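Participant: Next up is a structure, given as structure tokens.
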Amino acid sequence: MARAVSFRGITLGAPPEFGNHREGFDLFERWIQDLLKTYKLSSVIVGMEPIGHYWFSLARWLLDQGIEPVLVNPHLVKKNKENRDNTPSKSDHKDALVIVDMVKNGYYSPVRFHPEDYEELRILMANRETITKRLNAAVNQIHRWVDIVFPELRQVFKIVTCSSAIATLRLFPLLKEISRLDTEQVLAGWNQFVKRHAGVKRAELLISLAKTSVGTTQALHAYKLHLGQLIEEYDLAQRQLEQIE
Numbered sequence: 001m002a003r004a005v006s007f008r009g010i011t012l013g014a015p016p017e018f019g020n021h022r023e024g025f026d027l028f029e030r031w032i033q034d035l036l037k038t039y040k041l042s043s044v045i046v047g048m049e050p051i052g053h054y055w056f057s058l059a060r061w062l063l064d065q066g067i068e069p070v071l072v073n074p075h076l077v078k079k080n081k082e083n084r085d086n087t088p089s090k091s092d093h094k095d096a097l098v099i100v101d102m103v104k105n106g107y108y109s110p111v112r113f114h115p116e117d118y119e120e121l122r123i124l125m126a127n128r129e130t131i132t133k134r135l136n137a138a139v140n141q142i143h144r145w146v147d148i149v150f151p152e153l154r155q156v157f158k159i160v161t162c163s164s165a166i167a168t169l170r171l172f173p174l175l176k177e178i179s180r181l182d183t184e185q186v187l188a189g190w191n192q193f194v195k196r197h198a199g200v201k202r203a204e205l206l207i208s209l210a211k212t213s214v215g216t217t218q219a220l221h222a223y224k225l226h227l228g229q230l231i232e233e234y235d236l237a238q239r240q241l242e243q244i245e
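Numbering follows the UniProt record's numbering, with no gaps: position 190 of the sequence shown is 190.
Next up, the structure:
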């Protein structure tokens, strides 16, 4: 939604709605040119509220057209809503007029796009933060799973997400599967994923604890499926973090 006022604060033209694509931007530019011609004006400033990512494409496109884009503070937009009609109500039609009024009064800052190297770093850092949150969520869920299904695993591995512990969860997710194994089978399984595995004594302890565990014995099919998905999410997040680093 766009609104327009003159430098005296007089509302100009009918407000158009336009989409975030080339056809929409072309419509917006034609509307601007019609206003300049109709009201015999020579220049224009386009203000917008920098909420989320929605203003990026429009601001870059305006610069390419030689039109000055500026940003207004969203907090001040919220505070200025009552200036027009004495109500804090919100709508695209009203918000656009509040924004353009602020621009007319000089309450704006210029748009500054950073160099490409800096922008790349910002994108990578934001991506890294998102993936780290996903990884932490997966790790927390794995801890919860262990506490319910095989709490004694913590006696074998102090860190539940160490390579040997994850290998154990990957290969032998259920107590009954571990209970049927001998030491050699556990060691052979660890060797598939870990170069320096936990050793014979820990393999023996793992089997012994599995046979006397207080972990749940119900809904094991669902728990096994859930663990497999958690480990997939854990693996994916780890790979993606390595790419970003």
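Each residue gets a CB set at the ideal place from its N, CA and C atoms; glycine is no exception. Since we're looking at a predicted model, the values are computed, not measured.
1) State the start and end residues of the unbroken alpha helix (DSSP H) segment that holds V46.
2) Take L175 and list the residues in its own chain whose beta-carbon comes closer than 7 Å to its own, dropping the five residues that flank it on each side.
3) Per DSSP, which one or two residues make a beta bridge with V70?
4) Check V156 in the structure and name its three-state DSSP category.
5) Would DSSP call T11 helix, strand or coil?
6) For F56 and V111, what's the separation of their Cα atoms in angstroms?
7) Can you tell me where the alpha helix (DSSP H) with E242 in it begins and where it stops?
8) Alpha carbon to alpha carbon, what distance is there between R134 and D182?
9) Taking a contact to mean a Cβ-Cβ separation below 9 Å, would you say S163 touches V186 in this structure?
10) Is the beta carbon of A167 closer than 9 Å to that of G189?
11) Tell me the DSSP secondary structure of V5 in three-state form.
12) Just verifying my parser: in three-state terms, what is the DSSP assignment at S163?
13) Could you tell me how far apart the beta carbons of G9 and D117 are, in whole angstroms, since I believe they sit closer than 8 Å?
14) Per DSSP, what kind of secondary structure is N127 in: helix, strand or coil?
15) Give a yes or no on whether the C-beta atoms belonging to I45 and P74 are separated by under 9 Å.
Facilitator: A quick look at the data gives this:
1) Per DSSP, V46 belongs to no alpha helix (DSSP H); it is in the beta strand (DSSP E), I45 to M48.
2) F150, A210, S213 and G215
3) Answer is G47 and P110.
4) helix
5) strand
6) 10 Å
7) L220 to I244
8) 35 Å
9) no
10) In contact: G189 and A167 (Cβ atoms closer than 9 Å).
11) Residue state, collapsed to three classes: strand.
12) helix
13) Not a contact, Cβ separation roughly 42 Å.
14) helix
15) no
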